[in-house]
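Since the structure comes first, as structure tokens, the remarks are kept for the end.
Residue numbers (the working numbering), protein chains in the order written: chain A, 23 to 313; chain B, 23 to 295.
The following block contains the structure:
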């Protein structure tokens with residue numbers, strides 16, 4: 023009686039709807055992509071109906087594809103700049119500055135969270151407006167204080183989407199680090215204050231060792247998310263001249279603008295394998311912590 | 023002698039002010055422009071009007087897209103909440119071998135198979151099933167993607183509800199399904215509402231899935247409609263777009279405020295991706 027509240031048939035009946043949806047629309051595509059990546063399927067034309075099996079031909083092609091390397095390089099800079107340095111750094115700074123200041127913390131958090139939850143299309147347009155070269159708020163302010171206007175999307179496209187993504191995603195890191203700081207026993211910091219430790223020493227010797235594992239968790243998760251982000255496409259379309267073409271945007275262009283589904287799938291496979299490695303790293307870490 | 027605590031407080035305000043301004047500026051535009059008489063890309067409120075909203079309601083495409091978004095998100099909410107509820111109940115109340123492995127695998131898959139990379143095989147799947155350019159395709163694709171997280175969070179929530187009531191009812195001779203509907207559901211309504219809200223915001227905000235799967239303008243949800251409004255050639259109607267974006271964002275904010283009231287924000291850390 024204690025072990026189970028229901029019979030086997032009921033169990034299966036209740037599990038089937040959720041599991042079959044997940045299987046067909048998540049697991050199947052995730053595995054199938056490997057096979058599609060080995061064909062020359064296209065969306066239109068002769069190869070749409072009868073794609074040929076081409077084995078590893080696509081992958082050989084990817085390895086000498088300069089657009090692929092361009093996208094990979096931009097994605098790496100994007101992840102490094104916007105997630106690892108930007109979101110984690112700013113999130114930590116905000117968590118530290120609002121530590122033990124309840125009202126200030128809840129105010130800063132609600133502003134940062136707002137940037138995080140507004141739908142991505144809206145956020146994209148807000149930034150297009152904010153950075154517009156003639157009428158955008160930022161340039162109007164710049165020229166009001168005597169600086170010259172900057173055409174952000176053309177002069178600094180990568181930096182622009184990096185700053186955009188810091189704005190968009192800092193909330194998660196700030197929330198996680200704020201929660202992490204709460205786990206430090208107050209007596210540790212009080213002792214450090216009594217012996218007159220500097221702010222830096224307090225951070226290095228008390229705070230950092232206590233939140234180290236949270237920082238690692240945060241870095242893996244935001245890397246995984248940022249690696250898959252597509253929103254910059256709505257701001258720049260990948261341009262000008264591919265200077266903001268992230269891997270996600272390159273995959274989209276190949277598969278859905280040039281209709282090369284087979285080749286797009288082979289690049290997608292590489293992206294999904296990187297996802298897989300990051301996710302495994304995260305899971306093994308969180309399991310070890312529980313054990 | 024100076025008070026070091028006071029100095030540190032002033033220093034932290036000086037650092038915080040520009041950061042908070044940086045976060046607020048783009049959002050301020052969304053709050054101000056829809057009500058502005060001469061809307062522009064610069065944040066300025068020159069007189070108050072509801073004219074921009076009127077133009078939204080006169081725009082056929084805009085209204086139609088609202089209807090489409092509603093159909094898609096409500097369907098996803100009903101489908102995911104019901105299926106996840108059943109499955110999470112089983113996973114929480116029934117011990118079987120490999121249960122935890124199963125949950126881990128599902129969460130692993132949902133974080134791996136995401137983004138534009140996953141859209142390539144998902145598009146081909148929909149193509150083979152005849153679901154490209156249908157709302158059903160969008161609904162099923164979104165549901166499959168959100169399901170594992172919904173399942174995981176619900177199962178966690180169900181684990182926190184004690185089993186004693188259900189066991190007592192079973193002893194009294196109720197059937198397992200009766201126990202679930204009469205005893206368990208009322209106890210867990212709070213968690214179910216939160217999950218429904220989360221699923222709603224996810225499907226309401228999603229851009230990529232309908233953008234890739236839908237072809238006809240008449241089927242576009244609001245997310246794709248807004249994108250076509252501002253990326254089309256010609257001069258975009260800034261007042262109309264801002265009012266439309268404002269209306270589109272309101273339900274999301276409302277849902278999150280509700281979630282925060284009920285649970286606090288740390289709760290959904292895992293779902294935003």
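Here a beta-carbon is modelled for each residue, glycine too, at the ideal position from N, C-alpha and C.
Legend entry - Inter-residue spacing [alpha-carbon to alpha-carbon] between residue 59 of chain B and residue 69 of chain B: Along the second chain, read from residue 1 onward, the residue named residue 59 of chain B stands at position 37. Along the second chain, read from residue 1 onward, the residue named residue 69 of chain B stands at position 47. For residue 59 of chain B and residue 69 of chain B, the distance between alpha carbons rounds to 6 Å.
Inset, instruction - Would you check if the distance between the CB atom of residue 131 of chain B and the CB atom of residue 94 of chain A is smaller than 8 Å? - result: As a working note, residue 131 of chain B is residue 109 in the second chain. As a working note, residue 94 of chain A is residue 72 in the first chain. Going by C-beta atoms, residue 131 of chain B is not nearer than 8 Å to residue 94 of chain A.
Legend entry - Selection from A/216, A/245, A/221 that minimises the alpha carbon distance to residue 298 of chain A: The count along the first chain starts at 1 and reaches residue 298 of chain A at position 276. For the residues A/216, A/245, A/221, the minimum Cα distance to residue 298 of chain A belongs to A/245.
Inset, instruction - Under the assumption that residue 139 of chain B contacts residue 290 of chain A (Cβ atoms under 8 Å), give the Cβ distance between them as a whole number of angstroms. - result: The residue you call residue 139 of chain B lines up with position 117 of the second chain. The residue you call residue 290 of chain A lines up with position 268 of the first chain. Yes, residue 139 of chain B and residue 290 of chain A are in contact; Cβ-Cβ is about 4 Å, under 8 Å.
Legend entry - Contacts that residue 270 of chain A makes with chain B (C-beta to C-beta distance below 7 Å): Start at 1 with the first residue of the first chain, and residue 270 of chain A comes out as number 248. In chain order, 137, 138, 139 make up the part of chain B whose C-beta sits under 7 Å from the C-beta of residue 270 of chain A.
Inset, instruction - Could you list the residues in the segment 101-122 of chain B with a C-beta less than 7 Å from some C-beta on chain A, going in chain order? - result: Only those residues of the segment 101-122 of chain B whose C-beta falls short of 7 Å from the nearest C-beta of chain A are listed: 105, 106, 108, 109, 111, 112, 115, 116, 117.
Legend entry - Contact with chain A by residue 187 of chain B, beta-carbon distance below 8 Å: Start at 1 with the first residue of the second chain, and residue 187 of chain B comes out as number 165. So no, residue 187 of chain B is outside the interface.
Inset, instruction - For residue 304 of chain A, I'd like the list of residues in its chain whose CB is within less than 6 Å of its CB, leaving aside the five on either flank, ordered along the chain. - result: On the first chain, residue 304 of chain A is found 282 positions in, with the first residue counted as 1. Around residue 304 of chain A, the same chain offers 242 as residues with beta carbons nearer than 6 Å, after the five sequence neighbours per side are excluded.
Legend entry - Cβ contact check for the segment 223-230 of chain A and the segment 182-199 of chain A: 3 or more pairs under 8 Å: Verdict: no, contact absent.
Legend entry - Partners in chain A for residue 242 of chain B, counting only beta-carbon separations shorter than 9 Å: Counting from 1 along the second chain, the entry for residue 242 of chain B is found at position 220. For residue 242 of chain B, there are no neighbours in chain A by C-beta distance under 9 Å, as the nearest C-beta there is about 11 Å away.
Inset, instruction - Specify the secondary structure class of residue 78 of chain A as computed by DSSP and reduced to three states. - result: Reading the first chain from its first residue, position 56 is the one you call residue 78 of chain A. Coil, per DSSP.
Inset, instruction - For residue 288 of chain A, name the three-state secondary structure that DSSP assigns. - result: The residue you call residue 288 of chain A lines up with position 266 of the first chain. Residue 288 of chain A falls in the helix class under three-state DSSP.
Inset, instruction - Answer yes or no: does any C-beta atom of chain B fall closer than 8 Å to that of residue 180 of chain A? - result: Here residue 180 of chain A refers to the residue found at position 158 of the first chain. False, the Cβ-Cβ gap to chain B never drops below 8 Å.
Inset, instruction - Specify whether the segment 79-86 of chain A and the segment 152-170 of chain B touch according to this definition: at least 3 beta carbon pairs, one from each stretch, less than 8 Å apart. - result: Short answer: they don't touch.
Inset, instruction - Identify, in the order they occur along the chain, each residue of the same chain with its Cβ nearer than 7 Å to the Cβ of residue 58 of chain A, setting aside the five sequence neighbours on each side. - result: On the first chain, residue 58 of chain A is found 36 positions in, with the first residue counted as 1. Here the set comprises 283, 284, 287.
Inset, instruction - List the residues of chain B whose Cβ lies closer than 8 Å to the Cβ of residue 162 of chain A, in chain order. - result: Position 140 of the first chain, counted from the first residue, corresponds to residue 162 of chain A. Those within 8 Å of residue 162 of chain A in chain B are 64.
Inset, instruction - Determine the closest residue to residue 88 of chain A out of A/122, A/272, A/257, A/234, with distance taken between C-alpha atoms. - result: Locating residue 88 of chain A in the first chain gives position 66, where the first residue counts as 1. Relative to the Cα of residue 88 of chain A, the nearest Cα in the group A/122, A/272, A/257, A/234 belongs to A/272.
Inset, instruction - Determine the extent of the alpha helix (DSSP H) in which residue 127 of chain B is found, giving its start and end residues. - result: For the purposes of this step, residue 127 of chain B is identified with residue 105 of the second chain, where counting begins at 1. Annotation: the continuous alpha helix (DSSP H) that includes residue 127 of chain B extends over 121-134.
Legend entry - Contact set for residue 159 of chain A: own chain, Cβ-Cβ below 8 Å, skip 5 residues either direction: What you label residue 159 of chain A is simply residue 137 of the first chain in a count that begins at 1. Hits under 8 Å: 151, 152.
Legend entry - Listed by chain order, chain A residues near residue 271 of chain B by CB distance under 7 Å: Working through the second chain from its first residue, we reach residue 271 of chain B at position 249. Per Cβ cutoff of 7 Å: 140, 141, 144.
Inset, instruction - Measure the C-alpha to C-alpha separation of residue 69 of chain A and residue 295 of chain A and round it to an integer number of angstroms. - result: What you label residue 69 of chain A is simply residue 47 of the first chain in a count that begins at 1. What you label residue 295 of chain A is simply residue 273 of the first chain in a count that begins at 1. Rounded to the nearest angstrom, the two C-alpha atoms are 26 Å apart.
Inset, instruction - Please name the residue in A/31, A/65, A/39, A/29 whose C-alpha comes closest to that of residue 277 of chain A. - result: In the first chain, the residue the question calls residue 277 of chain A occupies position 255. Residue 277 of chain A has its Cα closest to that of A/65, out of A/31, A/65, A/39, A/29.
Legend entry - Between the CA atoms of residue 101 of chain A and residue 155 of chain B - distance to the nearest angstrom: On the second chain, residue 155 of chain B is found 133 positions in, with the first residue counted as 1. On the first chain, residue 101 of chain A is found 79 positions in, with the first residue counted as 1. Rounded to whole angstroms, residue 155 of chain B to residue 101 of chain A spans 33 Å at the Cα level.
Legend entry - Distance, residue 143 of chain B Cα to residue 178 of chain B Cα: Residue mapping note: residue 178 of chain B aligns to position 156 of the second chain, counting from 1. Residue mapping note: residue 143 of chain B aligns to position 121 of the second chain, counting from 1. Going by the C-alpha atoms only, they are around 31 Å apart.
Inset, instruction - Using beta-carbon positions only, say whether residue 50 of chain A and residue 109 of chain B come within less than 8 Å of one another. - result: Counted from its first residue, the first chain places residue 50 of chain A at position 28. Counted from its first residue, the second chain places residue 109 of chain B at position 87. With a cutoff of 8 Å on beta-carbon distance, residue 50 of chain A and residue 109 of chain B are scored as not near each other.
Inset, instruction - Verify the CB distance criterion: does residue 41 of chain B have a CB-CB separation below 8 Å to chain A? - result: The residue you call residue 41 of chain B lines up with position 19 of the second chain. A Cβ of chain A is located within less than 8 Å of the beta carbon of residue 41 of chain B.
Inset, instruction - Please confirm whether residue 57 of chain B and residue 67 of chain B have their CB atoms less than 8 Å apart. - result: In the second chain, residue 57 of chain B corresponds to position 35, counting from 1. In the second chain, residue 67 of chain B corresponds to position 45, counting from 1. Taking C-beta atoms as the reference points, residue 57 of chain B and residue 67 of chain B count as a pair closer than 8 Å.
Inset, instruction - Verify the CB distance criterion: does residue 134 of chain B have a CB-CB separation below 8 Å to chain A? - result: Along the second chain, read from residue 1 onward, the residue named residue 134 of chain B stands at position 112. Among the CB atoms of chain A, one or more fall inside 8 Å of the CB of residue 134 of chain B.
Inset, instruction - Throw me the rounded Cβ distance for the residue 213 of chain B and residue 173 of chain B pair, which I believe falls under 8 Å. - result: To locate residue 213 of chain B, count along the second chain from 1; it is residue 191. To locate residue 173 of chain B, count along the second chain from 1; it is residue 151. About 12 Å; that fails the 8 Å criterion.
Inset, instruction - Inspect the CB distances between the segment 101-113 of chain A and the segment 209-220 of chain A and report whether three or more fall short of 8 Å. - result: Result no; under three Cβ-Cβ pairs closer than 8 Å.
Legend entry - Residue of B/281, B/136, B/228, B/121 minimising C-alpha distance to residue 90 of chain B: Here residue 90 of chain B corresponds to residue number 68 of the second chain, with the count starting at 1. Just measuring C-alpha positions, the residue of B/281, B/136, B/228, B/121 sitting nearest residue 90 of chain B is B/228.
Inset, instruction - Note the first and the last residue of the continuous alpha helix (DSSP H) segment covering residue 64 of chain A. - result: As a working mapping, residue 64 of chain A is identified with position 42 in the first chain. Judged by DSSP secondary structure, residue 64 of chain A falls outside any alpha helix (DSSP H); it is assigned neither H nor E.
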